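Chains as they are written, first to last, in this note's numbering: chain A, 1 to 406; chain B, 1 to 406.
Even glycine gets a Cβ: it sits at the ideal position worked out from N, Cα and C.
Since this is a predicted model, take the numbers as computed values, not measurements.
This report concerns only the one structure given below.
There are 2 protein chains.
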Amino acid sequence: MSHSEIPGGVTAAQGFQAGSIYCGIKAANKNSPDIALIVSNTKAVAAGTFTTNKVKAAPVRVSRTHLASPDVRAIVANAGNANACTGVPGLENAKRMCVATADALGLRRQQIMVCSTGRIGVQLPIEKMEATLANSAQCLSLNGSAAAARAIMTSDTFPKEFAVEFSAHGKKIRIGGIAKGAGMIDPNMATMLCFITTDAAISRTTLQKALSVSVEQSFNRITIDGDMSTNDTVIALANGVAGNKALKYGSKEFKAFQAALDDVTRELAWMIVKDGEGVTKFVEVHVHGAASLADARRAAEAIANSTLVKCAWFGQDPNWGRIMDALGYSGAKMREELVDIYYDGVLAVKGGMLAKTPFDKLREIVRQKRFTVCVDLNLGRSEHIVYTTDFTQEYVKLNMGDGTGG
Amino acid sequence: MSHSEIPGGVTAAQGFQAGSIYCGIKAANKNSPDIALIVSNTKAVAAGTFTTNKVKAAPVRVSRTHLASPDVRAIVANAGNANACTGVPGLENAKRMCVATADALGLRRQQIMVCSTGRIGVQLPIEKMEATLANSAQCLSLNGSAAAARAIMTSDTFPKEFAVEFSAHGKKIRIGGIAKGAGMIDPNMATMLCFITTDAAISRTTLQKALSVSVEQSFNRITIDGDMSTNDTVIALANGVAGNKALKYGSKEFKAFQAALDDVTRELAWMIVKDGEGVTKFVEVHVHGAASLADARRAAEAIANSTLVKCAWFGQDPNWGRIMDALGYSGAKMREELVDIYYDGVLAVKGGMLAKTPFDKLREIVRQKRFTVCVDLNLGRSEHIVYTTDFTQEYVKLNMGDGTGG
């Protein structure tokens with residue numbers, strides 16, 4: 001029951017259509033589509049995970065209330081404006097986006113999930129959006145995934161799609177997704193949107209359990225600059241068109257579904273990291289031997305978020321003193337004299353001190369575009385992995401803003 | 001009893017000498033002195049605060065045990081090598097630095113405070129240092145403060161000295177200090193050394209209380225990149241040469257002493273921030289109206305450590321969305337719709353939304369080399385201030401390392 005990669009993104013799953021339309025919300029790139037639409041042709045259930053930031057964008061608040069609807073049919077998402085810090089008018093506008101989309105598709109407002117990404121603190125051009133959304137049904141197609149993936153890009157440099165299929169109960173089941181990321185990516189979900197579709201028959205609560213597990217081992221383990229956004233959203237729709245017997249939590253078939261969903265979210269999360277602003281390196285930080293899971297996480301995140309560690313990676317420098325330093329202030333239980341550090345399996349630090357490995361060997365590893373830093377705290381059995389990047393001058397340049405406060 | 005600024009740094013206080021010697025520990029800048037010495041000619045007491053990093057450099061461990069000595073006479077500090085992550089040999093070397101200094105000055109090992117700053121994970125060239133320290137008494141002079149301040153510089157671009165005097169019990173009392181900073185500066189004290197001398201008569205425990213208060217409102221409130229080092233140390237020596245009646249905790253005279261010490265530490269902390277790596281702006285972040293002191297601190301530090309907020313400042317962009325975002329993930333209790341944000345007293349955000357202030361006015365403020373960001377959470381009465389900087393491409397360049405793992 002292992003799964004395999006297939007093309008098609010969110011339209012790989014049967015009974016889903018997607019597409020994009022141009023409204024003119026993005027300040028730059030005036031001619032590129034900026035609204036994405038994903039629609040199930042038949043009844044579907046939805047699951048979602050949302051930002052833990054206390055400042056929650058209006059669409060996040062609206063989508064959370066729609067999650068419980070017994071038949072969620074569509075996702076509408078715009079780029080160019082986050083509809084965050086927009087107060088009561090912002091909430092009203094998020095609802096109007098749902099209404100306009102529902103009207104165009106012959107649905108009710110509660111059947112629409114709504115997302116926004118882009119500039120904070122500016123009201124949506126809602127009249128213009130309503131006019132555009134009125135004709136949005138035309139944009140939908142059975143191979144519209146790539147168009148939708150492109151429409152939600154902000155500072156992303158490439159669209160992000162991934163899909164897999166596997167068999168259960170003698171039926172082919174497909175899971176596909178699209179995502180956007182770049183900038184403000186942190187383990188607790190940041191300016192990051194991910195939309196997943198599946199034609200599996202699965203209950204809303206079982207889908208939610210599976211999605212939460214998948215998000216925990218993918219989007220919650222990536223970090224670029226440690227900031228967390230107001231808009232992060234992962235939504236999954238399942239419409240049962242595959243015709244399988246509804247997946248029962250804990251069953252063999254459910255486990256196959258979970259593994260496939262894990263793979264889709266992990267691949268999309270990795271694409272987000274690799275497309276981080278100004279990024280030149282993809283680094284896996286493994287912490288082993290921690291006294292607790294919380295300690296393993298703290299240690300891995302301190303390393304992955306240290307600007308000093310990340311600047312050294314950018315400089316191709318296998319600096320381990322800064323890693324020791326980050327471990328020391330991470331809050332994780334540690335004993336300096338027990339710490340071992342490896343680069344791609346090659347020992348760099350033994351017992352908290354420089355190992356005898358020839359330095360050139362370590363330098364060669366850090367020169368690669370992708371490598372692993374493994375820390376063994378030698379205190380317990382807990383471990384954690386975080387996926388991160390280096391930190392570059394280009395990142396600073398990209399985030400200097402344009403002096404317009406946006 | 002208000003105090004006034006005087007020249008002289010650590011040798012402004014009577015009965016202290018200082019100086020520097022060249023040993024050749026720094027890799028670059030081969031000819032500049034790299035060991036600083038500060039000595040009291042008469043009996044003195046010491047107070048200290050040290051890094052909270054769990055990875056503590058060898059000199060930090062040694063100095064902490066010497067703090068309790070009834071007569072601490074000298075501080076010896078080297079730049080170029082941090083003597084951190086150096087295991088048992090490192091501890092031995094820190095002790096040997098004390099012994100060599102004590103021998104040169106006719107003192108005992110426990111009378112010496114020892115500090116190191118520089119590269120992590122490399123053993124000190126201890127034989128060479130012992131030979132150099134043997135002749136170190138010659139370098140001392142009554143106006144040697146500037147030389148000592150220069151010797152402890154690593155990536156600092158200017159030496160940091162400040163001194164004040166005030167009167168108590170009819171006697172003039174002087175407090176002076178030198179410091180080094182730059183890079184890895186965080187509220188909980190980071191690659192930062194500060195040495196303070198005073199000729200006040202004050203008990204060890206009273207001096208420790210005063211120093212802890214001063215450090216809390218100065219060095220613990222500055223942040224450049226959020227990293228915390230293994231070597232941070234603030235040491236104060238008091239020798240009573242001023243001839244005042246011993247300062248009694250809580251007395252009017254003690255309060256004058258505290259105010260003067262606060263001023264010395266705050267001025268030195270500000271110099272460290274202004275000299276942060278690649279820094280172009282000095283920003284005070286005030287948070288008011290927090291529900292608790294811990295919340296006020298969390299909120300201020302989240303703003304001051306957000307690379308996105310800091311990149312925007314570098315770009316002269318009065319971006320407030322990123323400030324709202326940082327508040328939201330800070331962990332501080334907040335209600336988005338209550339938040340007001342001011343730049344230099346000018347309202348930018350009212351009730352969590354863009355205020356009506358003309359944008360050009362805000363942009364002009366952020367163009368300055370120094371400005372204040374004030375956040376009112378409008379929830380309670382607690383407040384906190386953090387001093388920070390922008391985040392620049394130059395910072396990344398300075399911290400890329402030289403590929404040598406140091």
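* On the three-pair Cβ rule with 8 Å, is the segment 10 to 23 of chain B touching the segment 54 to 72 of chain B? -> In the pairwise beta carbon analysis, the segment 10 to 23 of chain B is classified as not touching the segment 54 to 72 of chain B: fewer than three pairs are separated by under 8 Å.
* If you count every other CB in all the chains shown that lies within 10 Å of the CB of residue 68 of chain B, and 16 or more means buried, which is it? -> A residue is called buried when at least 16 other Cβ atoms come within 10 angstroms of its Cβ; residue 68 of chain B does not meet this threshold and is exposed.
* Asked: Within 8 Å (strictly less), CB to CB, does residue 55 of chain A reach chain B?
  -> Residue 55 of chain A counts as touching chain B.
* Asked: With DSSP run on the structure shown, which of helix, strand or coil describes residue 17 of chain B?
  -> If DSSP states are grouped into helix, strand and coil, residue 17 of chain B belongs with the strands.
* Asked: Under three-state DSSP, which class holds residue 103 of chain A?
  -> Residue state, collapsed to three classes: helix.
* Supposed close pair residue 193 of chain A, residue 307 of chain A - CB separation, criterion 8 Å -> Wrong, their Cβ atoms sit about 26 Å apart, outside the cutoff.
* **Amino acids of chain A, ordered along the chain, whose beta-carbon sits closer than 8 Å to that of residue 314 of chain B** => Residues of chain A whose Cβ lies closer than 8 Å to the Cβ of residue 314 of chain B are, in chain order, 396 and 400.
* Option in B:352, B:231, B:316 and B:288 with minimal Cα separation from residue 50 of chain B -> Of the candidates B:352, B:231, B:316 and B:288, the one whose C-alpha sits nearest the C-alpha of residue 50 of chain B is B:231.
* Asked: With C-beta atoms as the reference, is residue 304 of chain B less than 8 Å away from residue 223 of chain B?
  -> If you check the CB distance, residue 304 of chain B and residue 223 of chain B come in under 8 Å.
* **Proximal chain B residues relative to residue 327 of chain A, where beta-carbon distance stays under 8 Å** => Contact of residue 327 of chain A with chain B by beta-carbon distance below 8 Å involves 54 and 55.
* To do: In the DSSP assignment, find the unbroken beta strand (DSSP E) run with residue 484 of chain A in it and report its ends.
  => The question about residue 484 of chain A has no answer here: the residues shown for chain A are numbered 1 through 406.
* Asked: Which class does residue 75 of chain A belong to by DSSP, given the choice of helix, strand or coil?
  -> Of the three classes helix, strand and coil, the one that applies to residue 75 of chain A here is strand, per DSSP.
* Asked: Cβ of residue 353 of chain A within 8 Å of Cβ of residue 80 of chain B?
  -> At a Cβ-Cβ threshold of 8 Å, residue 353 of chain A and residue 80 of chain B do not count as neighbours.
* Anything in chain A within Cβ reach of residue 192 of chain B, meaning under 9 Å, just list it in chain order. => Listed by position along chain A, the residues whose Cβ is nearer than 9 Å to that of residue 192 of chain B form an empty set, because the closest Cβ is around 13 Å away.
* Among all the DSSP beta bridges, which residues are the ones paired with residue 378 of chain B? -> Under DSSP, no beta-bridge partner is assigned to residue 378 of chain B.
* Asked: According to DSSP, what are the bridge partners of residue 384 of chain B?
  -> Answer is B:287.
* Range covered by the alpha helix (DSSP H) that runs through residue 301 of chain B -> Its alpha helix (DSSP H) spans residues 293 to 305.
* Taking residue 393 of chain B as the query, report the chain A residues whose CB atoms sit under 7 Å from its CB, ordered along the chain. => By Cβ distance, chain A contributes 393, 396 and 397.
* Asked: Can you give the Cα-Cα distance for residue 340 of chain A and residue 287 of chain A, rounded to whole angstroms?
  -> Straight-line Cα distance between these residues: approximately 10 Å.
* To do: Compute the beta-carbon to beta-carbon distance between residue 10 of chain B and residue 38 of chain B, rounded to the nearest angstrom, for a pair I have assumed lies under 8 Å.
  => Confirmed, Cβ separation roughly 5 Å.
* Starting from the C-beta of residue 241 of chain B, find all residues in its chain whose C-beta is less than 7 Å away, skip the five residues before and the five after it, and write them out in chain order. => Within the same chain, Cβ atoms closer than 7 Å to the Cβ of residue 241 of chain B are found at 14, 15, 42 and 199, the five residues on either side in sequence being excluded.
* Report all residues from its chain with a CB closer than 6 Å to the CB of residue 91 of chain A; omit the five preceding and five following residues, and keep chain order. => For residue 91 of chain A, where only same-chain residues beyond five positions count, the Cβ hits under 6 Å are 58.
* 8 Å Cβ cut-off: residues of chain B touching residue 243 of chain A -> For residue 243 of chain A, no chain B residue has a Cβ inside 8 Å of its Cβ, as the nearest lies near 43 Å away.
* CB-CB length for residue 344 of chain B against residue 365 of chain B, believed under 8 Å -> 5 Å between Cβ atoms; contact.
* Asked: Do you know how far the Cα of residue 273 of chain B is from the Cα of residue 181 of chain B?
  -> So the alpha carbons of these two residues sit roughly 8 Å apart.
* At a CB-CB cut-off below 7 Å, which residues of chain B make contact with residue 407 of chain A? -> With chain A running from 1 to 406 in the structure shown, residue 407 of chain A is simply not present.
* **Three-way DSSP call (helix, strand, coil) for residue 355 of chain B in this model** => DSSP places residue 355 of chain B in coil when its eight states are reduced to three.
* Kindly list, in the order they appear in chain B, the residues whose Cβ is closer than 8 Å to that of residue 270 of chain A. => One finds nothing in chain B with a Cβ atom closer than 8 Å to the Cβ of residue 270 of chain A; even the nearest lies about 22 Å away.
* Does residue 87 of chain B come within less than 8 Å of chain A when only Cβ atoms are used? -> A Cβ of chain A is located within less than 8 Å of the beta carbon of residue 87 of chain B.
* Could you run through the segment 66 to 97 of chain B and flag, in chain order, every residue whose CB is less than 8 Å away from some CB of chain A? => Here the close residues are 82, 84, 85, 86 and 87.
* State the beta-bridge partners of residue 340 of chain A as determined by DSSP. => Under the DSSP definition of a beta bridge, residue 340 of chain A partners with A:376.
* Buried or exposed for residue 8 of chain A, please, with buried defined as at least 16 other CB atoms from any protein chain shown within 10 angstroms of its CB. => Buried: at least 16 other Cβ atoms inside 10 Å.
* Does the beta carbon of residue 389 of chain A come closer than 8 Å to any beta carbon on chain B? -> With 8 Å as the cut-off, residue 389 of chain A does not count as an interface residue toward chain B.
* Can you give me the start and stop residues for the beta strand (DSSP E) that residue 47 of chain A sits inside? => According to the DSSP assignment, residue 47 of chain A belongs to the beta strand (DSSP E) that extends over 45 to 50.
* Does any CB atom of chain A fall closer than 8 Å to the CB of residue 5 of chain B? -> For residue 5 of chain B, the answer is no, since every Cβ of chain A falls outside 8 Å of its Cβ.
* residue 158 of chain A, DSSP secondary structure in three states -> Residue state, collapsed to three classes: coil.
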